[in-house]
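Q: Have a look at this one.
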Ligand SMILES: [Zn+2]
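Residue numbers (my numbering): 981 to 1112.
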């Protein structure tokens, strides 16, 4: 599933994010939909009903969902956040893969580095993705 029925077009234009050789379907959806999907997946992990759920990764289903009703900066950080969860779990760091403080610090830190160093990001893209 790449697009949730009834949801607007995605802001981050990809259907798949490959993490450590594993393809994860990528989708964006409303706060209500993402909370419903998350609750279906993690019935005991949804936390306080008033919490805003920005996104989640379902490793078993190989899916990443991001809330598209937040600002684009938060969406970008959330994509990186879910990718970092995926890297940690696929690389066997099972003792820290769900450490939200660690993953959040790394995702916002990486986003900040990429945002404040646009030449670095362009250079990396040119080297790593020469066809683009
Ligand atoms: Zn997380």
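Ideal Cβ positions, reconstructed from N, Cα and C, are used throughout, including at glycine. Just so it is clear, the structure is predicted and the values come from calculations on it, not from any experiment.
(1) For ligand 1, is there any heavy atom lying closer than 7 Å to the beta carbon of residue 1050?
(2) Going straight from the alpha carbon of residue 1015 to that of residue 1050, what length do you get?
(3) Which one or two residues does DSSP pair with residue 1046 in a beta bridge?
(4) How about residue 1083 and residue 1064: are their beta carbons less than 8 Å apart?
(5) Thinking residue 1000 and residue 1052 are a contact (beta carbons under 8 Å), I'd like their distance in whole angstroms, please.
(6) So what's residue 1020 in DSSP terms, helix, strand or just coil?
(7) Between the C-alpha atoms of residue 1018 and residue 1036, what's the straight-line distance to the nearest angstrom?
(8) Within the present structure, is the beta-carbon of residue 1041 separated from the nearest heavy atom of ligand 1 by less than 7 Å?
(9) Residues with a Cβ closer than 6 Å to any heavy atom of ligand 1, in chain order?
(10) Which of helix, strand or coil does DSSP assign to residue 1027?
(11) What is the rounded straight-line gap between the Cα of residue 1086 and the Cα of residue 1041?
A: Straight from the coordinates:
(1) Within the chain shown, the letter at position 70 stands for residue 1050. Answer for residue 1050: no, Cβ out of range of ligand 1.
(2) Against the chain shown, residue 1015 aligns to sequence position 35. Against the chain shown, residue 1050 aligns to sequence position 70. For the pair residue 1015 and residue 1050, the Cα-to-Cα distance works out to about 14 Å.
(3) As a working note, residue 1046 is residue 66 in the chain shown. Answer by DSSP bridge pairing, in chain order: 1008 and 1035.
(4) Your numbering for residue 1083 matches position 103 in the chain shown. Your numbering for residue 1064 matches position 84 in the chain shown. Yes.
(5) Here residue 1000 refers to the residue found at position 20 when the chain shown is read from its first residue. Here residue 1052 refers to the residue found at position 72 when the chain shown is read from its first residue. Under the criterion of beta carbons closer than 8 Å, residue 1000 and residue 1052 do not qualify as touching, at roughly 26 Å.
(6) In the chain shown, residue 1020 corresponds to position 40, counting from 1. In the structure shown, residue 1020 sits in a helix (DSSP, three-state: H, G or I).
(7) In the chain shown, counting from the first residue as 1, residue 1018 sits at position 38. In the chain shown, counting from the first residue as 1, residue 1036 sits at position 56. Roughly 7 Å separates the two Cα atoms.
(8) Looking up residue 1041 in the chain shown gives position 61. Flag unset: Cβ of residue 1041 not near ligand 1.
(9) Going by the Cβ distance cut-off, the answer is 1061, 1065, 1080 and 1083.
(10) Within the chain shown, numbered from 1, the residue matching residue 1027 stands at position 47. A caution first: residue 1027 carries a pLDDT of 45, below 50, which makes its placement in the model too unreliable to give a value.
(11) Counting from 1 along the chain shown, the entry for residue 1086 is found at position 106. Counting from 1 along the chain shown, the entry for residue 1041 is found at position 61. Taking the straight line joining both Cα atoms gives about 24 Å.
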